[in-house]
Amino acid sequence: MNTENTNIVELCQLEVNFKIKQRFYEEYIKREKKIVRAVDKVSLHIKKSEILSLVGESGSGKTSTGRALLQLTPVTSGSVLFDGHPVEEKNKGYMKEFRKRAQMIFQDPYQSLNPRFTVFDIVTEPLLLTHSRATLAEKEVLALQALEFAGLRPAAEYLYRYPHELSGGQRQRVSIATCFIMSPDFIVADEPVSMLDASVRADILKLFVRMKEEKGTSFLFITHDLALAWLISDRVAIMYLGKIMESGPADIIAGGCLHPYSQALTSVLSIVGEQSRTKRIVLKDETPSPLHMPKGCRFHTRCPVSRENCRIEEPEYREIEPGHFIYCHYPGKIV
Amino acid sequence: MSEVLLELDNLKTYFTVTKGKVKAVDGVSFTLNRGESLGLVGESGCGKTTTALSIIKLLPKEGQIEGGRILFEGKDITHQTEDELSDFRWKQVSMIFQGAMNALNPVKRVCDQVAEPILLHEYTTKKQAMERVKELFELVELDTNLMYSYPHEFSGGMRQRAIIAMALACHPKLIIGDEPTTALDVMVQAQILDLINELRGKLNMSMLMITHDLSIISDTCDKVAIMYAGRIVEMGETKEVLSNSLHPYTKKLISAFPNIYAERKMVDSIPGDPPDLYTPPPGCRFAKRCHMVGGKEVCQVEIHPPLIDYTGKGHYVACHLWRNPDEY
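Okay, here's the thing in structure tokens:
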């Protein structure tokens, strides 16, 4: 099959549901079930050595997608293909290989590192899985390499420090070194720079681009910052209430997007030193609760150009240009 | 309209720790006119929040104002007693705190919390206070039916609106916004910034906006002051500072933010860490990380360059090499 060679990850109709715990009466007597569809039939593919950004507001299901992809959250239905192989928890043999090849970088470097571990312990922990017989000296060499790559130089100086001695940027570099020591083919980076200062952020992003270019690593870059997504990724997907609204090459953010939601998002983006060029489209109200999903198109309640049909019929996720997918009945520029 | 409302004159706020003193704010001066908004921008740890807390005297007990003066409407308020403060806080100056999610008390109803400053500072009955709360809710575009809810029933944006309502409760002349939109989504951030702008125009308030996000400054502030390591390094009209920045730190900081309308190129970073404020280096505090220094002695030996309006256009900069590094 041809696709096996080009796509590292394929999501097919992925669905992640969370059950809401209810009171005894509703749960067991009335047998009512309340379900939140965090991710609702999402199909995505990530090519080898490509950065795909998943952009969305909080509650849009972008983190759930990333976690479900790595089997950190149970998948309700749909399938995840990694390098052509189905990834399932019951497939123990393949899971071990999958865990080596796919890694995750978490959002908060202040909480994702064990405060009682030294940097050496943190970075070499994944080696228990792969290099279980390695001696301390061998591990040290590998750890030094990884830290060096992550930009902590001189690496030896950081090896026996504790996380509290490091700054936020340095901690995030330790997370990246932990990831890198496995030389993964695919990394899910969940808002890796949202807790960092603007001046440190760029270095971390450059590291991702370097990993992509030198090692051919693929990334799913989860972020709420459209400008950053545009900056580093090859393709972007914009999510709202568990569905992808629009996806396509990164340039669509800089003016080419056709979905009303993505146009609203890009129009409120503040740019240093200049007033916004396009008319600002500020959406009213709040994102509806995923417990009471609007009928028809799920964006119609806030859409500035919704029509009668949007309330009734749910649009399909279709390709309007090669590589440019959209979930909307009436895509087009808002005037 | 150019009446001075707030003036900081060489403010020094130090924190006493076991080792000695951390000079968190070391000689900050600026003026804020009535009806004007000033953005205070800097990275974490540069002293922007400490500056704000010094103005309304909410410093933790280790923090002390060790020098300089704070003038509000021409009156020295640097060393106020608690009694004077109670007349000053909320009525003259109020603050929108960082982290909308945690700034409200979870076990009290929102209306009671918004009414609290009114009951404390104005001699009204509870009924009158509630009427005022209702007005405030309408002002910040919150549904008045939600007045009696608890904070957990509110979303992040609604909580931030409630906090803004609280800040407006006693008709303050100055509002200090400490990262008012940091924890919010892009769309909610746009809503809140629009609301703040609208209210400022309607009520003719001054505002001191503290943020680390340079990109929201151009939408909200008339003037901007860039802080680094406890000092202001550049200050002036927002447009002027952001388009003709003179200080190397400002230049670097601006290039750390991507511009989606320009060519796609990687953002810059500033190598190195900010200096330790316990023993700040002599000379320019930015010298160690500055790309223009290249061994220039003037930056490392002399005292920190003073904040001077070289151009005569109200554009202040604290840099020896502001014109051209080759002149030295």
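Heads up: the protein sequence lines correspond to chains A and B, in order.
Residue numbers for the first sequence follow the working numbering, so the first one is 16 and each next one is one higher.
Residue numbers for the second sequence follow the working numbering, so the first one is 4 and each next one is one higher.
Using N, Cα and C, we set each Cβ at its ideal position, and we do this for glycine too.
Check: Span of the beta strand (DSSP E) holding A:Phe223?; Outcome: Here A:Phe223 belongs to no beta strand (DSSP E); instead the alpha helix (DSSP H) covers 213-230.
Check: Residue ranges of each alpha helix (DSSP H) run of no fewer than 4 residues wholly in the segment 254-307 of chain A, ordered along the chain?; Outcome: 275-282
Check: Based on Cα-Cα distance, which residue from B:Val236, B:Pro283, B:Asp216 lies nearest to B:Phe260?; Outcome: B:Asp216
Check: When DSSP labels each residue in this structure, what does A:Cys194 get in the three-state scheme?; Outcome: helix
Check: Which residues mark the beginning and the end of the alpha helix (DSSP H) in which B:His124 is found?; Outcome: 113-124
Check: Given that A:Lys221 touches chain B, what residues does it touch there, using C-beta distances under 7 Å?; Outcome: Met269
Check: Start and end of the beta strand (DSSP E) containing B:Tyr231?; Outcome: 226-231
Check: What residue from A:Leu298, A:Glu329, A:Leu243, A:Ile237 has the CA that sits closest to A:Gly76's CA?; Outcome: A:Ile237
Check: Is A:Ala13 close to chain B? Criterion is C-beta to C-beta, closer than 8 Å.; Outcome: Within the shown structure, residues of chain A are numbered from 16 to 350, placing residue 13 of chain A beyond reach of any answer.
Check: Give the list of continuous alpha helix (DSSP H) stretches no shorter than 4 residues that lie fully inside the segment 272-314 of chain B.; Outcome: 300-304
Check: Any C-beta of chain B sitting closer than 8 Å to the C-beta of A:Ser73?; Outcome: yes
Check: In the segment 188-205 of chain B, which residues sit with their C-beta less than 7 Å from some C-beta in chain A, listed in chain order?; Outcome: Asp188, Val189, Met190, Ala193, Gln194, Asp197
Check: What residue range does the alpha helix (DSSP H) around A:Asn324 cover?; Outcome: 323-327
Check: Which residue wins for smallest C-alpha separation from B:Phe157, given the options B:Gly233, B:Lys111, B:Cys293?; Outcome: B:Lys111
Check: Less than 8 Å between CB atoms is the rule here; does A:Met16 satisfy it with respect to chain B?; Outcome: Summary for A:Met16: the model assigns pLDDT 42, below 50, so the residue's position carries little reliability; its value from the coordinates is reported in the next sentence. Not an interface residue.
Check: Within this structure, are the beta carbons of A:Val287 and B:Ile257 separated by less than 8 Å?; Outcome: yes
Check: Hey, A:Phe135 and A:Val24 are a contact pair by Cβ (cut 8 Å); roughly how many whole angstroms apart?; Outcome: In fact, because the Cβ distance is near 31 Å, the residues do not count as touching under 8 Å.
Check: Which chain D residues sit within Cβ distance under 8 Å of B:Pro261?; Outcome: In summary, chain D is missing from the structure at hand, where the protein chains are A and B.
Check: Among residues of its own chain, excluding the 5 on either side of B:Ala118, which ones have a beta-carbon nearer than 7 Å to its beta-carbon?; Outcome: Ala132, Met133, Val136
Check: How big is the Cα-Cα spacing for A:Gly50 and A:Tyr43?; Outcome: First, the residue type needs correcting, since residue 50 of chain A is Ile and not Gly in the sequence shown. So the alpha carbons of these two residues sit roughly 15 Å apart.
Check: Are A:Val341 and A:Leu235 touching if we call contact CB-CB under 8 Å?; Outcome: Looking at the sequence shown, residue 341 of chain A is not Val but Ile. In this structure, A:Leu235 does not lie closer than 8 Å to A:Ile341 by Cβ.
Check: Using a Cβ-Cβ distance cut-off of 8 Å, determine whether B:Lys316 contacts chain A.; Outcome: no
Check: With 8 Å set as the bound, which would you pick, yes or no: does the beta-carbon of B:Leu256 sit closer than that to a beta-carbon of chain A?; Outcome: yes
Check: Please list, in chain order, the residues of the segment 150-173 of chain B that have any C-beta partner in chain A closer than 9 Å.; Outcome: Ser158, Gly159, Gly160, Met161
Check: Going by beta carbon distance, what residues of the same chain come within less than 8 Å of B:Pro120, once the five residues before and after it are set aside?; Outcome: Trp93, Ser97, Met169, Ala172, Cys173
Check: Taking beta-carbon pairs under 8 Å, can you tell me which members of the segment 211-236 of chain A lie near chain B?; Outcome: Asp212, Ala213, Ser214, Val215, Arg216, Ala217, Asp218, Leu220, Lys221, Val224
Check: Compare the C-beta of A:Ile286 against all C-beta atoms of chain B and say whether one is closer than 8 Å.; Outcome: yes
Check: Per DSSP, B:Lys26 forms a beta bridge with which residues?; Outcome: B:Tyr17
Check: Below 8 Å on the Cβ atoms is my contact criterion, and I expect A:Gly270 with A:Leu222 to pass it. Report the Cβ-Cβ distance as a whole number of Å.; Outcome: Actually they are not in contact, since the Cβ atoms of A:Gly270 and A:Leu222 sit about 28 Å apart, beyond 8 Å.
Check: According to DSSP, B:Met238 sits in a beta bridge with which residue or residues?; Outcome: B:Ala228, B:Tyr319
Check: Using 8 Å as the threshold, is the C-beta distance between A:Thr78 and A:Asp240 below it?; Outcome: no
Check: Report the neighbours of A:His307 on chain B: residues whose CB is nearer than 9 Å to its CB, in chain order.; Outcome: Per Cβ cutoff of 9 Å: no residues; A:His307 is ~14 Å from chain B at best.
Check: Does the beta carbon of B:Leu217 sit closer than 8 Å to a beta carbon anywhere in chain A?; Outcome: yes
Check: Is it buried or exposed for B:Gly275, if we count other Cβ within 10 angstroms and need 16 for buried?; Outcome: exposed
Check: Take B:Ile235 and list the residues in its own chain whose beta-carbon comes closer than 8 Å to its own, dropping the five residues that flank it on each side.; Outcome: Val31, Ser32, Phe33, Ala228, Ile229, Leu310, Tyr319, Ala321
Check: Which one or two residues does DSSP pair with A:Asn106 in a beta bridge?; Outcome: Paired residue(s): none; A:Asn106 is not in a bridge.
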